[in-house]
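*Asks:* Listed in order, the protein sequences are those of chains H, V, S and G.
With the numbering used here applied, the first sequence covers 1 to 317.
With the numbering used here applied, the second sequence covers 1001 to 1317.
With the numbering used here applied, the third sequence covers 2001 to 2317.
With the numbering used here applied, the fourth sequence covers 3001 to 3317.
We treat Cβ as the ideally placed atom computed from N, Cα and C, and that holds for glycine.
There are 4 protein chains.
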Amino acid sequence: MIRLELRVELTYDVQDSNGADFVFNIHAAHTAHQTVVDESLVLEQPVTPDIGTDSATGTRFMRLHANPGPLRLTYAATVNLAHHRAEPDTLAEVPVRCLPLEVLPYVYPSRYCESDRLLNLAFNEFGSLWPGYSRVLAIQHWVQKHVTFASNTSNSNTSAVDTLIGQVGVCRDFTHLMIALCRALNIPARIASGTDYGADPALGPPAFHAYVEVYLGDRWYLFDASGTGIPMGFMRFGTGRDAADVAFATIFGNVVAGAPSVQVRAIEGAGLEVPHHCREALSTASASGSTASGHAALVRGVTGGTAQRNPVRQLPD
Amino acid sequence: MIRLELRVELTYDVQDSNGADFVFNIHAAHTAHQTVVDESLVLEQPVTPDIGTDSATGTRFMRLHANPGPLRLTYAATVNLAHHRAEPDTLAEVPVRCLPLEVLPYVYPSRYCESDRLLNLAFNEFGSLWPGYSRVLAIQHWVQKHVTFASNTSNSNTSAVDTLIGQVGVCRDFTHLMIALCRALNIPARIASGTDYGADPALGPPAFHAYVEVYLGDRWYLFDASGTGIPMGFMRFGTGRDAADVAFATIFGNVVAGAPSVQVRAIEGAGLEVPHHCREALSTASASGSTASGHAALVRGVTGGTAQRNPVRQLPD
Amino acid sequence: MIRLELRVELTYDVQDSNGADFVFNIHAAHTAHQTVVDESLVLEQPVTPDIGTDSATGTRFMRLHANPGPLRLTYAATVNLAHHRAEPDTLAEVPVRCLPLEVLPYVYPSRYCESDRLLNLAFNEFGSLWPGYSRVLAIQHWVQKHVTFASNTSNSNTSAVDTLIGQVGVCRDFTHLMIALCRALNIPARIASGTDYGADPALGPPAFHAYVEVYLGDRWYLFDASGTGIPMGFMRFGTGRDAADVAFATIFGNVVAGAPSVQVRAIEGAGLEVPHHCREALSTASASGSTASGHAALVRGVTGGTAQRNPVRQLPD
Amino acid sequence: MIRLELRVELTYDVQDSNGADFVFNIHAAHTAHQTVVDESLVLEQPVTPDIGTDSATGTRFMRLHANPGPLRLTYAATVNLAHHRAEPDTLAEVPVRCLPLEVLPYVYPSRYCESDRLLNLAFNEFGSLWPGYSRVLAIQHWVQKHVTFASNTSNSNTSAVDTLIGQVGVCRDFTHLMIALCRALNIPARIASGTDYGADPALGPPAFHAYVEVYLGDRWYLFDASGTGIPMGFMRFGTGRDAADVAFATIFGNVVAGAPSVQVRAIEGAGLEVPHHCREALSTASASGSTASGHAALVRGVTGGTAQRNPVRQLPD
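1. G:A3257 CB to nearest chain S CB: under 8 Å?
2. Output the residue ranges of the beta strand (DSSP E) runs that lie fully inside the region 3181 to 3208 of chain G and measure 3 residues or longer, sorted by chain position.
3. Quick check on the burial criterion: 16 or more other C-beta atoms within 10 angstroms. Buried or exposed for V:N1025?
4. Since S:D2054 and S:L2064 are thought to touch, with beta carbons under 8 Å apart, how far apart are those beta carbons, to the nearest angstrom?
5. Since I believe G:L3177 is in contact with G:V3143 (beta carbons under 8 Å), could you give me their beta-carbon distance rounded to a whole number of angstroms?
6. Have a look at G:V3168 and S:L2099 and give me their C-alpha separation to the nearest angstrom.
7. Tell me, please, whether the CB atom of G:F3342 is closer than 8 Å to any CB atom in chain S?
8. Which residue wins for smallest C-alpha separation from H:S226, given the options H:G217, H:L203 and H:F248?
9. With V:D1162 as the anchor, note down where its alpha helix (DSSP H) starts and where it stops.
10. When the Cα atoms are used, what is the spatial distance from S:D2116 to S:P2109?
11. Closer than 8 Å is the cut-off here; do at least three beta carbon pairs connect the region 234 to 251 of chain H with the region 131 to 151 of chain H?
12. Starting from G:C3113, follow its DSSP beta bridges and name the residues at the other end.
13. Need the endpoints of the beta strand (DSSP E) that S:W2220 sits in, please.
14. Near V:A1287, what residues of its chain come up, given a Cβ to Cβ distance below 6 Å and the 5 sequence neighbours on each side ignored?
15. Is V:T1090 near the ligand SAH, in the sense that its beta carbon is under 7 Å from a heavy atom of that ligand?
16. When the Cβ atoms of the region 1003 to 1018 of chain V are set against those of the region 1253 to 1263 of chain V, are three or more pairs found closer than 8 Å?
17. Please name the residue in H:Y133, H:A249, H:L282 and H:A180 whose C-alpha comes closest to that of H:V8.
18. Would S:R2072 pass as an interface residue toward chain G - the criterion being a Cβ-Cβ separation below 8 Å?
19. Can you name the start and end residues of the beta strand (DSSP E) that H:A138 belongs to?
20. Can you pull the chain H residues whose beta carbon is under 7 Å from the beta carbon of V:G1052, in chain order?
21. Cβ of S:L2315 within 8 Å of Cβ of G:R3172?
22. Could you check whether H:V23 and V:V1096 sit closer than 8 Å to each other, using their CB atoms as the reference points?
23. Look up V:L1282 in the DSSP assignment and say whether it is helix, strand or coil.
24. Going straight from the alpha carbon of G:F3126 to that of G:R3135, what length do you get?
25. When you compare the CB of V:V1023 with every CB in chain S, is at least one pair closer than 8 Å?
26. Look at the alpha carbon of S:T2078 and the alpha carbon of S:A2138, and state the distance between them as a whole number of angstroms.
27. What does G:S3261 pair with, by DSSP beta-bridge criteria?
28. What does a CB cutoff of less than 6 Å around G:G3231 pick up in its chain, not counting 5 residues either side in sequence?
29. Consider the Cβ of G:G3227: report whether some Cβ of chain H lies at a distance smaller than 8 Å.
30. State the Cα-Cα distance for the pair H:L6 and H:M62, rounded to the nearest angstrom.
31. Can you tell which of V:P1188, V:P1201 and V:P1205 has its C-alpha closest to the C-alpha of V:E1213?
32. Which of the three DSSP states, helix, strand or coil, is assigned to S:V2103?
33. On the DSSP bridge list, what partners appear for H:H277?
34. Go through the region 3219 to 3256 of chain G residue by residue and report every complete run of the beta strand (DSSP E) that reaches 3 residues or more, in order.
35. For G:A3086, name the three-state secondary structure that DSSP assigns.
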């Protein structure tokens, strides 16, 4: 088991005389394999936040209306991670017709992951590889080979296609490109946001991190598209189709933001591991959908190794 | 009450010797205000489809593996529509911090609705209008004024930005542009797919239709971005962030598709209305989220008429 | 006559041990109506620049190889401007088949002016206006109404389409959008770079300026797309299809650039006017092409007021 | 020497009651190495075309105003090609500061060749290769490896970036991508239009062809980006920055175009070669600029093998 201590400090100056609205996603998610041992939130304004939990993913959103003036927010948590671990070789891709319904949206293109434009490229580069975990890993390595990490090289308009063309970006951009390539092969993939652990200090101080979750077998597995962190040390805040869904803060009103401070520490002790690279596949999600009899029936007919090119969508006019 | 009779015929030639997978969304959705009186499905191949229902929206997906050779599918349904109707003047925009959590994703940009790129334009054109139903209607009229309907002028790459630039498109393109402009103003908007009724025959034979649902007050209301149909006659199949989510068929494998045939008839009789244009706001969705005490508390502080410009998203690196 | 004194200072630090190559376009152009009275160039490195003049436009390019270390360049010039002036009402648009050959490329789309994507928009907005100077002015005013000036809102990737969507930019972006709209109506338009005079100090210190030249009647006339300067005070360095052609410096090698310093002063005295806004059309170019008998013959058949929509290009496969 | 006989037939139906304007570029260019032995033009309408020659490139444009009704145009020519041939190993890349001024625009990005967006990619893929003819050939082979030829997969909006992403296209698209990659490395490259010879009949009947000319040493050399033809058999009509400049017909007015017919035949006989693949570099252009003393002086300092990354352009605001 991994135990992480997190401390996040966010500072803002609300310059709007009407105050401003905030939507935060900075709470550690509640999942089958990620448990919040204790946590605290300090808001240096007399405001009552509204905290809601998305039942499907365990993502927590905090929303509040802040008054004019400084707003300081400190979130601290101790979190246990007892990953589901799987042998990579056992993790198969799931045909679209057998996916749990709630997973289906993650094979569709999204704002920053225009998989529909990468069908040929994905097929040419990865179409002949054996489906499964190893093919997803091949996609990750391809992204790492073609994109160079560099701070401040992208912005909130930058999409997977832009990154593919420009060959430079931050974790978020690596993540978007890897997701888009997976989806172009009909492999469900989503973004996860949270914190990393063990990142190369040369890439800057610890910060919020974006990484990839890919649906294989019966659940979502972790991949670090940028290769800058140690997946076993990722604490999950939220998941979504792409970065549009997992901003750690969305701000409505005239607000100046300070640089966020993020500190993560791995606790050592009896029964506790320190995050390290490992060859097993890791997941913080529970198994989903596979017990439905209909799906089970369908899965029986599935044969591996057949690349299906070019899903055709018939759209309403 | 409206009663519609629908008959859809889809034909395919599966040319792949391994057969092909299909995901269909051609079943009338089950909603609080749309009831399926009876329905039938005929598949001219000995295949067992898997039909799943998305619990959040009532959308039904049918998935199947078809054998090589012709595949003909006939779906017929009789559907009752007893719309929720509301006085337009009473329908307010809901601040993002007060939206039901499940509505939140619909203010984010998506593949075909790049609202993040239209913040200035939306603010310049609509920022000074009084928030609420009438502002959404102003957006619809603006889209109709700037875009010309013309068949075969767009494809599955065409996004709201493309339509804004090119000023031409089909229903789907009008829909994407209207959605993007709403979201740029923080108004939740989504696409709905289904069938229309009463469309100008000059625009072609009856076909699958794409239209807009906007979240106002406590639920989703109908808008017809292209102005080609009569909203009261829309039968809903599915909803989603944009057309990527609501293809009526997604096909995996080497398949040639015939032209779909869609027939809709309004039944006349005692207690039955024929769809007609009306000034009231119409919804086929149930109220959502507003009873949660947290939200209610938050809503109390909301003041109308304040345009909040430029939501700023802080994304993970 | 206008007499302007210009002083430009550019500073660089060449950090490449092999030195670096530079292509400058900071010399006042030699044209029929812009005369360089005197000029001086000081290069604080012992390098011999190569200065070439493009015979078609009078644009001068200076190229040099700089050594490692600081490079300071001071260019000063006194320039007389005796504009060709014309009555706006007399300036007609020229049908493409009658344009001088060398003007033809300026109706084609270019990197930052994707006129091919704006055909419908240009036709819808301006197609019914009477062709000529007043229509071009209507385009300029439309651009000014839809785009807001703001520093640091665009970069070297930003095109006319981006500016149309984003509705914000600097002079260069206004210029690109106005050019693209003109070309979409088959009106030749090009970018001019140089310096402005009389710009609102609120927009920042005097700097290099980008503006528009449109071919009407028998020559190129000045338009200030951003409306920030006084066209009579523009000194021309270069012209081109768009900003890709008129960088004031293009740098090859590892170089850090300082902020450029630009000073312009209008000399007062006998026979000298100070630049001011005027209703006449101004040009610093000479008449071109119209005397060719072939063209004259063709022009005779031209009728005004007919908007020709949608030029169709048949491209080689 | 090569002798080619060309016969082109174009048919149109002018449906505009005012007639329509045409700009054609279907005449064989006059160059130092391409001689028109005889030619004929038959226009089946009583119209007088205006034929102009661009002095810099020898490209000929024919412009005319056609009356309503059918327009048939037959152009036939016999053309001699006595290529300038060079040993590939002797052809060096020319530093930008040493290029003839008229060549400079061909290192800039253009509408369909967004080289400015491909700097990193070009540097990563080709930056370490020895500059010169062999590096350009490596670019050509890379394009051929990554793009698949397929008819009707692109349109007049498709750019090099689109082709790089989509990995499919026609000759024009291969051409644009190869040009963009060359320019990203500061190698001047332009499009040439004309006819090919010896193309694989599987790719369709003989048609107009687009190919690449790259400036190496002291002139423009031929490359066939799509690898579908035999460069020795290319007859040149026009050259330009990209396809925007070399439409074989640009049509203003309501016109329906028939499919063009293109026939090319190589004449055999004494002293005549039939076009064939060869290892030498071929050019139909004359040497340019290299005799200017200034350039010669500059060229002396040039050292090969140094990749200069990321030209930085300082643009006017």
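*Replies:* Inspection of the coordinates gives the following:
1. yes
2. 3189 to 3195
3. buried
4. Contact doesn't hold; Cβ gap of about 18 Å is too wide.
5. 5 Å
6. 36 Å
7. Since the first residue shown for chain G is 3001 and the last is 3317, residue 3342 of chain G is missing from the structure and cannot be characterised.
8. H:L203
9. A1160 to G1166
10. 6 Å
11. no
12. G:S3110
13. R2219 to F2223
14. D1218 and R1219
15. This structure does not include the ligand SAH; it has no bound ligands of any sort.
16. yes
17. H:A249
18. no
19. H:A138 -> not in any beta strand (DSSP E); alpha helix (DSSP H) instead, spanning Y133 to H146.
20. L101
21. yes
22. yes
23. strand
24. 7 Å
25. no
26. 34 Å
27. G:E3009
28. The sequence given here places Pro at residue 3231 of chain G; Gly does not occur at that position. Excluding sequence neighbours, G:P3231 sits near L3222, D3224 and L3282.
29. no
30. 17 Å
31. V:P1188
32. helix
33. DSSP output for H:H277 lists no bridge partner at all.
34. 3219 to 3223, 3235 to 3240 and 3249 to 3252
35. strand
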